[in-house]
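Student: Numbers 191 to 854, taken from my numbering, label the letters of the sequence shown in order.
Backbone N, C-alpha and C fix where the C-beta goes; we use that ideal spot for every residue, glycine too.
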Amino acid sequence: MDKKQAQERIKKLREVINYHRYLYHVQDKQEISDAALDSLKKELFNLEQAHPDLITPDSPTQRVGGVPLKEFKKLVHKTRMLSLNDAFSADDMRDWLERISKLLTLQEKDQLDFYCELKIDGLALELEYQNGMLKTASTRGDGSVGEDITQNIKTVQSVPLTINTKEKELVVRGEVFISKKEFNAINALQKEKGLALYANPRNVAAGSIRQLDPKITASRNLDSFAYDVINDVSCDTHEQKHARLKELGFKINPHNAYCANLEAVLRFHQRWIKEREKLPYEIDGVVVIINNNALFEKLGVVGKTPRGAIAFKFPQNQTTTKVQDIRVQVGRTGAITPVAILEPVALTGITISRATLHNEDEIKRLGLKIGDSVIVGRAGDVIPDVIKVLVELRTGKEKPFTMPRVCPSCRTKLEKSETEALLRCPNIKCPARQRRSFYHFVSKKALDIDGLGPKIIDRLLDEGLVQDPADIFELKEGDLAALDRFAEKSAENLVKAIAQKKQIPLAKFIYALGIRNIGEETAVDLARHFGSLEKLQQATLEDFDALSDIGPIVAESVHAWFLDKNNKELLDKFDNAGLKIQNPQKSAKGKLSGKTFIFTGTLDSIDRNLAKEKVRDLGGQTTESISKNIDFVVAGNEPGSKLNKAQTLGLNIIGEKEFLKLIQ
Ligand code: IVH
């Protein structure tokens, strides 16, 4: 980006950020997530770092908070309440250290150590004590002037009203917050009354503390942690400040820790990514502070932020980036999916460069053009998608996208689906479709052949060594040797791995065929019901329609698949290649018979597919779509949106331990 472009981008970023900050801080409203706003702020920060002469005093990076609400009395902070810059990765942390190291002597640099605090998702708070008595409490406001919330703060039990100090005046800062439990209870009440739900605990904490009636505040059971004492000169380190606060009777966070170097800081951060779920309150990162107070002071302040501290955020499930291009992908069933090619960006800890756009209607709904700045997100382990276009950041150079009319792979005219918002390539022999079917056939949930992923399949196809999935069972080590850089040992291993999968349960085989609309669960139903491949091949449309778990669309697509001449040939080829399909045993009534399970999140001690198999072995059923008919929702780590839906439906939710007991 040249200077002029940077200047333009900076200008637009400032406008957008200011707009959302105003909504957030003044109106207590939110149009985009905290994560998306953080991501924009970070982009602005980075651009300003690269072009320091473009920093202006009114940039959002240079100011704090919002404007105080009219209804509250204003209180001037004697020392400005600062804010923190964000870091999102270990690299950002190293950059920070490098930036500040330049301002220190070699000796000071060697002595650098840190104090790490959990960053509570709440509201900053200032408490002023005179002769040991709480005199005023205020919010941050714009950093210089906040709102007088003294009456409300007195309802927060963890804030001491008197402290034992000789100091005439003492200013303490901290965070006021609400527990996850309170947050859920308040939202449950909102729902009962048919009112809008709060987006996060911080919104509730902010809303509760800015009540003109302290009785309402009292009913919210707010809590607090103190993290700084301003004018106590007796402490040399930040760690000592916390000890002093504790001595004075403030609630301090017991998990905060001294870290001797950056490695220890990174470990602390990693640890809390894993353990944050167990805390009774939300945290969104770790505040890292230079432990030595004299060095912290020496490093000074730039704009609104001290150089000596940084907020090391947790991986976010939303971020912002640019759409460099939109391409279409041909799936194994011929479905044409537009995909956004993104400027690479970190999301939930890994770099992403693509996001699905689902279909043409979705592009229209988003109003997306090539070159747009967008918010991308992902829930759980799902592929990332584009959530919103930041229209305000357009330069005028964005280009509209139109869906192609012919298949990008085989040039066949695309057909519009009558039932879905989809375009399809109808050509069964389309190379792109065949390639995708191949990937699917060997994928984890299908044949699961060790060492045979998309890359090797691409090479096998490109060299003409295989044409369809049946061919892989005929591969010999010598054939693989023809592939460039394919070592003898790996050829031997691959041939062995393929041979091992020559015996395959019917359900897995049906799923592996990649028939449109046939997922894992339906494949299991079909295998159970028909019992053998021959019976499936002979089944009429009425036979499929008669199955209770199968709708007319699914019935139509399986039936059509088995009728197709090419598919019949493929099945013969599997047979000739020596594939042995194992028919399911008529299941004796197991202890889970009649029970339906759904899984969300990852399990620690058992693979999710294996867990599903266990359920089925015991006579139970598994499903992928949430409904009232589910008996058990098994929630693992980082559960997805299914968990929320299950809660709304009031389903029976169990953890991994309970599940293991059930299948014992
Ligand atoms: S230290 C210069 N420690 O995070 C500010 N802040 O931008 C020094 N926060 O609004 C803050 N938990 O209110 C510190 N343990 C903690 C914190 C914490 C939450 C908030 C703080 C401020 C924001 C930083």
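May I have all residues whose beta carbon comes closer than 5 Å to any heavy atom of the ligand IVH, sorted in chain order?
Tutor: Leu272, Ser273, Leu274, Glu307, Lys309, Ile310, Ala314, Glu365, Tyr417, Val477
Student: Using 8 Å for Cβ pairs, my map puts Asn446 next to Glu307. What's the rounded Cβ distance?
Tutor: As a working mapping, residue 446 is identified with position 256 in the sequence shown. As a working mapping, residue 307 is identified with position 117 in the sequence shown. For Asn446 against Glu307, the beta-carbon gap comes to about 4 Å, under 8 Å, which counts as contact.
Student: Compare the C-alpha of Asp575 against each of Val535, Leu753, Glu582 and name the closest.
Tutor: As a first step, residue 575 must be located in the sequence shown, where it is residue number 385. Here the closest residue by C-alpha is Val535.
Student: Counting C-beta neighbours from all protein chains within 10 Å, is the total for Met191 16 or more, i.e. buried, or is it exposed?
Tutor: Counted from its first residue, the sequence shown places residue 191 at position 1. Met191 should be labelled exposed.
Student: For a minimum of 4 consecutive residues, which ranges assigned as the alpha helix (DSSP H) are wholly contained in the region 427-499?
Tutor: 428-437, 452-465, 483-489
Student: Rounding to the nearest angstrom, what Cα-Cα distance links Arg410 and His719 in this structure?
Tutor: Sequence index remark: in the sequence shown, residue 410 carries index 220 (1-based). Sequence index remark: in the sequence shown, residue 719 carries index 529 (1-based). The alpha-carbon atoms of Arg410 and His719 are separated by roughly 55 Å.
Student: Locate the beta strand (DSSP E) running through Ile540, then write down its first and last residues.
Tutor: Position 350 of the sequence shown, counting from 1, holds the residue named residue 540. In the DSSP assignment, Ile540 falls within the beta strand (DSSP E) that extends over 540-546.
Student: So the beta strand (DSSP E) Phe262 belongs to, where does it begin and stop?
Tutor: Here residue 262 refers to the residue found at position 72 of the sequence shown. No beta strand (DSSP E) contains Phe262, which DSSP labels as neither H nor E.
Student: Can you look up Thr856 in the DSSP assignment and give me helix, strand or coil?
Tutor: Outside the modelled stretch of the chain, which goes from 191 to 854, sits residue 856, for which no answer is possible.
Student: Within 10 angstroms of its Cβ, does Glu337 collect 16 or more other Cβ (buried), or is it exposed?
Tutor: As a working note, residue 337 is residue 147 in the sequence shown. So Glu337 ends up on the buried side.
Student: Taking the alpha-carbon of Asn481 as reference, which of Asp303, Leu213, Ala825 has the nearest alpha-carbon?
Tutor: Stepping through the sequence shown from its first residue, residue 481 is reached at position 291. Of Asp303, Leu213, Ala825, the residue nearest in Cα terms is Asp303.
Student: Considering only the beta carbon of each residue, do Val476 and Val455 sit closer than 9 Å?
Tutor: The residue given as residue 476 occupies position 286 in the sequence shown. The residue given as residue 455 occupies position 265 in the sequence shown. For Val476 and Val455, yes; Cβs fall inside 9 Å.
Student: Quick one, are the C-beta atoms of Leu244 and Gln197 less than 9 Å apart?
Tutor: Stepping through the sequence shown from its first residue, residue 244 is reached at position 54. Stepping through the sequence shown from its first residue, residue 197 is reached at position 7. Going by C-beta atoms, Leu244 is nearer than 9 Å to Gln197.
Student: Secondary structure at Ile853, three-state DSSP: helix, strand or coil?
Tutor: Your numbering for residue 853 matches position 663 in the sequence shown. Residue state, collapsed to three classes: helix.
Student: Would Arg706 and Thr546 qualify as a contact pair, given that the criterion is a beta-carbon distance under 9 Å?
Tutor: Within the sequence shown, residue 706 is the residue found at index 516, counting from 1. Within the sequence shown, residue 546 is the residue found at index 356, counting from 1. Result no, Cβ atoms of Arg706 and Thr546 do not sit closer than 9 Å.
Student: Please give the ranges of any alpha helix (DSSP H) in the region 531-605, keeping only runs that are unbroken, at least 4 residues long and fully inside the region.
Tutor: 550-556
Student: DSSP state of Asp658, grouped into three classes?
Tutor: One-based indexing of the sequence shown puts residue 658 at position 468. In this structure, Asp658 counts as coil in the three-state DSSP scheme.
Student: Check the C-beta distance from Leu272 over to Glu233 and give it rounded, since I have them as a contact under 8 Å.
Tutor: In the sequence shown, counting from the first residue as 1, residue 272 sits at position 82. In the sequence shown, counting from the first residue as 1, residue 233 sits at position 43. Going by Cβ atoms, the distance from Leu272 to Glu233 rounds to 21 Å, so no, they are not a contact pair.
Student: Measure the alpha-carbon distance for Lys194 versus Lys201 and round it to whole angstroms.
Tutor: What you label residue 194 is simply residue 4 of the sequence shown in a count that begins at 1. What you label residue 201 is simply residue 11 of the sequence shown in a count that begins at 1. For Lys194 and Lys201, the distance between alpha carbons rounds to 11 Å.
Student: Measure the alpha-carbon distance for Gly840 versus Val423 and round it to whole angstroms.
Tutor: Mapped onto the sequence shown, residue 840 falls at position 650. Mapped onto the sequence shown, residue 423 falls at position 233. In a straight line, the C-alpha of Gly840 is about 55 Å away from that of Val423.
Student: Which same chain residues end up closer than 7 Å to Ala389 when comparing Cβ atoms and leaving out the 5 residues on each side of it in sequence?
Tutor: As a first step, residue 389 must be located in the sequence shown, where it is residue number 199. Same-chain partners within the cutoff: Gln220.
Student: Quick check: what's the CA-CA separation for Lys606 versus Glu205?
Tutor: Within the sequence shown, numbered from 1, the residue matching residue 606 stands at position 416. Within the sequence shown, numbered from 1, the residue matching residue 205 stands at position 15. So the alpha carbons of these two residues sit roughly 41 Å apart.
Student: What are the complete alpha helix (DSSP H) segments, minimum 4 residues, inside the region 255-328?
Tutor: 280-291, 296-301
Student: Regarding Leu213 and the ligand SAM, is the C-beta to nearest heavy atom distance less than 8 Å?
Tutor: Annotation note on the ligand SAM: not contained in the displayed structure, which lists the ligand IVH as its ligands.
Student: Determine the extent of the beta strand (DSSP E) in which Gly336 is found, giving its start and end residues.
Tutor: On the sequence shown, residue 336 is found 146 positions in, with the first residue counted as 1. 335-337 is the extent of the beta strand (DSSP E) around Gly336.
Student: Following the continuous beta strand (DSSP E) through Lys512, name the residue where it begins and the one where it ends.
Tutor: Your numbering for residue 512 matches position 322 in the sequence shown. Per DSSP, Lys512 belongs to the beta strand (DSSP E) from 508-520.
Student: Can you tell me which of Lys488, Arg457, Asp669 puts its alpha carbon nearest to the alpha carbon of Arg649?
Tutor: Residue 649 sits at position 459 when you count from the first residue of the sequence shown. When each option's Cα is compared against that of Arg649, the closest is Asp669.
Student: Just reading off the beta strand (DSSP E) that Arg392 is part of, what are its end residues?
Tutor: Taking the sequence shown and counting its residues from 1, one reaches residue 392 at position 202. No beta strand (DSSP E) holds Arg392; the alpha helix (DSSP H) holding it covers 391-399.
Student: Excluding the 5 residues preceding and the 5 following His428 in the sequence, name in chain order all residues of the same chain whose CB lies nearer than 6 Å to its CB.
Tutor: Taking the first residue of the sequence shown as 1, we reach residue 428 at position 238. Tyr305, Ile479, Asn481, listed in sequence order.
Student: With a threshold of 7 Å on Cβ separation, who are the neighbours of Asn321 within its own chain once the five nearest residues in sequence on each side are excluded?
Tutor: In the sequence shown, residue 321 corresponds to position 131, counting from 1. Here the set comprises Lys358.
Student: Tell me the DSSP bridge mates of Ala525?
Tutor: For this step, residue 525 is matched to residue 335 along the sequence shown. Looking at the DSSP assignment, Ala525 forms a beta bridge with Arg614.
Student: Output needed for Pro774: all residues of its chain with C-beta closer than 8 Å, excluding positions within five of it in sequence on either side, in chain order.
Tutor: Within the sequence shown, residue 774 is the residue found at index 584, counting from 1. The residues are Pro695, Leu696, Ala697, Ala717, Arg718, Gly721.
Student: Taking the C-alpha atoms as reference points, what is the distance between Gly557 and Ser223?
Tutor: Indexing the sequence shown from 1 puts residue 557 at position 367. Indexing the sequence shown from 1 puts residue 223 at position 33. Looking at the two C-alpha atoms, the distance is approximately 19 Å.
Student: What are the boundary residues of the alpha helix (DSSP H) that includes Phe699?
Tutor: Taking the sequence shown and counting its residues from 1, one reaches residue 699 at position 509. 696-702 is the span of the alpha helix (DSSP H), which, as asked, contains Phe699.
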